[in-house]
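Asker: Each residue of the sequence shown is one higher than the last, beginning at 51 in this note's numbering.
All residues carry an ideal CB built from backbone N, CA and C; glycine is no exception.
Take a look at the following structure, please.
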Amino acid sequence: MKYRVTLIPGDGIGPELAAATCRAIEATGVEIDWDVQNAGADVMQAEGTPLPQRVLDSLRKNKVGLKGPLTTPVGTGFRSVNVAIRTELDVFASVRPARTYAGIPNSVPGVDLVIVRENTESEYVGIEFAQGSAEAAQLIEFAKKHTGKDIRTDSGIALRPISVTGSRRIVEYAFRYARQNGRKRVTAIHKANILKYTDGLFLEVAREVAKANPDIAFDDMIVDAACMNLVQRPQQFDVMVMPNLYGDILSDLCAGLVGGLGVAPGANLGENAAVFEPVHGSAPQFKGSGKMDPVAMILTACLMLRHLGEREAAERLERGVEQVLSEHCAVTRDLLPPDQADRAVTTEAMVDAIVAAMPGATV
Ligand code: NAD
């Protein structure tokens with residue numbers, strides 16, 4: 051069966067990693083008809099928007115997308131296209147596994163956890179009011195009237211909505227994921243001691259959902275304590291579910307535990323669409339270097355193949371990755387200690403090695 055999948059190559063290092071990944075997928079023998087859709091800063095110049103309607107239409111039609119990273123200007127300029135895609139398609143569950151593969155220097159042994167991040171709410175709704183604006187002044191006045199508390203008049207203000215609906219569906223998803231993937235425990239991460247009406251609500255809903263899923267163990271942890279525990283004893287965690295911003299931060303932390311952003315895959319899943327993208331960004335300073343690590347995006351492709359029902363192909367491709375990492379002969383610079391940097395290979399050479407190590411590769 052041939053699948054039609056939207057491919058957003060991204061910008062910065064995205065296009066070179068996307069090309070490498072398509073090659074690795076092709077070698078599994080799974081046939082994919084790529085519907086290539088560019089987005090981001092380059093498209094902004096030509097089409098007046100970084101996220102043209104055609105990109106969303108393609109994702110809606112094909113229901114599955116593989117996406118490279120897209121740059122977001124910091125502080126000013128257009129808002130994140132990555133966040134807009136997740137919101138527009140309502141791919142509310144971001145799933146980011148962090149697993150230790152043998153052979154990666156400075157990785158912590160025995161990590162095998164999954165972060166389930168709420169993808170559509172909290173700070174990421176992007177509702178902010180600039181310092182000095184009339185709206186910010188009104189909100190400051192409103193807060194003073196209803197809470198008696200003073201906010202400095204030169205403050206910018208962000209809204210952070212967390213709903214029962216959004217919390218329930220992400221926690222229910224985490225339990226479903228745990229059950230379907232043979233996982234034993236879900237841990238809710240929050241700051242409910244301080245943010246009583248937002249994280250407090252998230253935790254209350256999580257506890258309710260846990261009661262309805264007694265076959266999977268449940269506990270919770272405050273986000274700062276979770277960070278310390280992740281650094282000291284990450285092996286204790288299984289599935290971790292959390293609001294958007296904590297998921298963003300903790301998934302990079304977990305990537306750091308298992309070898310860095312070069313090996314951290316991700317998926318965004320909803321009722322009607324699934325968009326697969328690595329955790330890392332566009333690293334624009336390395337654009338065109340041909341030296342970046344393709345593993346994160348190839349492992350992302352493994353998640354996509356499983357979603358398509360091509361479990362056996364995904365396992366073969368992952369085995370190719372595992373073997374290359376454990377032999378540690380053909381790896382990119384990020385996977386080597388500084389004193390061995392001179393034996394790093396290019397992205398292309400690493401993909402060659404992965405394909406060669408993959409059982410039953412077709413090219
Ligand atoms: P980044 O992930 O792009 O890069 C941080 C560092 O991680 C790089 O300097 C590099 O040392 C390392 N790294 C990242 N990917 C790697 C790979 N495949 N192989 C080897 N090393 C790798 O993060 P940043 O510099 O904070 O962000 C750059 C841009 O990417 C920003 O515009 C940001 O908004 C965007 N971004 C996009 C996404 C996405 O598209 N989903 C995610 C995160 C950041």
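Terminal residues of the continuous alpha helix (DSSP H) containing residue 195?
Answerer: Residues 184-197.
Asker: So what's residue 401 in DSSP terms, helix, strand or just coil?
Answerer: In this structure, residue 401 counts as helix in the three-state DSSP scheme.
Asker: Are the CB atoms of residue 61 and residue 90 within a distance shorter than 8 angstroms?
Answerer: Yes, Cβ-Cβ distance for residue 90 and residue 61 is below 8 angstroms.
Asker: Where DSSP assigns a beta bridge to residue 319, which residues make up the other side?
Answerer: The partner list for residue 319 (beta bridge, DSSP) reads 143 and 324.
Asker: With residue 366 and residue 408 assumed to form a contact (beta carbons below 8 angstroms), what rounded beta-carbon distance in angstroms separates them?
Answerer: 5 angstroms between Cβ atoms; contact.
Asker: According to DSSP, simplified to helix, strand and coil, what is residue 371?
Answerer: Helix, per DSSP.
Asker: Using a Cβ-Cβ cutoff of less than 7 angstroms, which residues in the same chain neighbour residue 54 once the five nearest sequence positions on both sides are dropped?
Answerer: Cβ neighbours of residue 54 beyond the five flanking positions: 83, 85 and 112.
Asker: How about residue 237 and residue 274: do their beta carbons lie closer than 8 angstroms?
Answerer: Going by C-beta atoms, residue 237 is not nearer than 8 angstroms to residue 274.
Asker: Ligand 1 and residue 269: does any heavy atom of the ligand fall closer than 7 angstroms to the residue's C-beta?
Answerer: Answer for residue 269: no, Cβ out of range of ligand 1.
Asker: With a cut-off of 8 angstroms on the beta carbons, I'd call residue 323 and residue 141 a contact; round off their distance for me.
Answerer: Correct: roughly 6 angstroms between the Cβ atoms.
Asker: My output table needs one value for residue 360: the three-state DSSP class, helix, strand or coil.
Answerer: Correct three-state label for residue 360: coil.
Asker: Compare the beta carbon distance of residue 317 and residue 305 with 8 angstroms and say whether it is the shorter of the two.
Answerer: Not closer than 8 angstroms, so no.
Asker: Among the candidates 160, 413, 58 and 109, whose CA atom is the shortest distance from the CA of residue 285?
Answerer: Out of 160, 413, 58 and 109, 160 has the C-alpha closest to the C-alpha of residue 285.
Asker: What does the alpha-carbon distance come out to for the pair residue 66 and residue 184?
Answerer: Rounded to whole angstroms, residue 66 to residue 184 spans 45 angstroms at the Cα level.
Asker: Out of curiosity, what's the CA-to-CA distance linking residue 201 and residue 193?
Answerer: Cα to Cα, the separation comes out at about 8 angstroms.
Asker: Indicate, with yes or no, if ligand 1 has a heavy atom lying under 7 angstroms from the CB of residue 101.
Answerer: Checking the Cβ of residue 101 against ligand 1 gives no.
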